[in-house]
Structures are given as C-alpha cells and as structure tokens.
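With the sequence shown counted from 1, adding 144 to any position gets you the working numbering. C-beta atoms are modelled at their ideal positions from N, C-alpha and C, and glycine is treated no differently. All values derive from a computational prediction rather than experimental measurement. This report concerns only the one structure given below.
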Amino acid sequence: VPKSDLGRENLEALEKGLPNLLKHVENITRVFHLPAVVAINKFPQDTEAELELVKNRCGELGVNAVLSEVWAKGGAGGEDLANELIRLIDENKENNMTFAYELDIPIKEKIRAIAQKIYGARDVIFTDKALREMENMEKFGFGKMPVC
C-alpha cells in the first residue's frame, strides 16, 4: 500500500498481510504449545472494520487480539493488554512449552524440523561445512541442546 493511502480503510490489503501474523500465532500456539495474545498497536486512522478483521481472524485461532494505545495514552493505553496477559498467566500456570522437535535427535534433524514446521520448508540442504560443524558440536556434547 502506498504511504499516501495508509489513512484509508483497506480491508483487502490487511487481509493479504494477515497470513504472516497468523502463521506466527499458529507457531506459538500449535508448535510450542504456549498461550498467546496479539497486541494491535492502534492508530487514529485505523477503522473499526480493520480492527475487527484482525480480532476475528486471531479469534479463529483461539487467540485474543487486544488494542494497545500506549503511544497515545501512556500506561492507561496498555491496561487492556496487561489485563489479557494477566488472564493468560492465571489460566496457564503449568509450563506446557514444547519444541518443534525432540531434544534427543541429531542437530541436523532439529534444524530440518524447525525449517519444516516453523517456516514451511520442504527440506533443508546442508553444505559440507555445516555438516562438519554439526558433527563437531555433537562430538563436544552439544547435540542434546535446543536449537533455535
């Protein structure tokens, strides 16, 4: 969207940009099994229809989208977001976080799992140098460590 059009409602452009946000939300909730909230940094030119579109699409994934107006209202503009975070913390006392892979698999397979589950890759092609470095990491005892 051209900068000159940013003040106009454009649900079509917003809809085109939502898959990126929604993929991140899915990764957090479905891959890592963590609770999530989406903070909408609300600006005066944002329309109710635009805000509702984001809220509804996030809601389809079971995640609340909450307005944040801290830049305009200071701390008071962040109260709704803070309250949503407190609710999520209160409702999720147990740590159910998981990785995109099992910790006991080789580093190469961890990287492949991240590429496929998080980024949607078909596969990963490793250089010989990368394979040697992974082999050394495993040899020195780092094979069971998380990879990000």
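- A259 sits in a helix when the DSSP states are folded into three classes.
- The segment 204-219 and the segment 179-193 touch, with three or more beta-carbon pairs separated by less than 8 Å.
- The alpha carbon of K167 has as its nearest neighbour, out of N154, G264, D149, the alpha carbon of G264.
- DSSP, read as helix, strand or coil, puts N236 in coil.
- Taking each of E282, K252, K288, Q260 in turn and checking the Cα distance to T271, the smallest one comes out for K252.
- Note that the C-beta distance between E156 and E194 is not below 8 Å.
- In the three-state reduction of the DSSP assignment, I184 falls in the strand class.
- In this chain, the alpha helix (DSSP H) harbouring L165 covers 155-170.
- Bridge partners of L211 according to DSSP: I184.
- Between N185 and S212, the CB-CB gap stays under 8 Å.
- Secondary structure at M278: helix, using DSSP grouped into helix, strand and coil.
- Per DSSP, the continuous alpha helix (DSSP H) segment holding K199 begins and ends at 192-203.
- Residue Y245 holds the alpha-carbon nearest to the alpha-carbon of R174 among R276, D224, Y245.
- In the displayed model, K273 falls within a helix according to three-state DSSP.
- Taking a C-beta distance under 8 Å as the contact criterion, N171 and I269 do not qualify as a contact pair.
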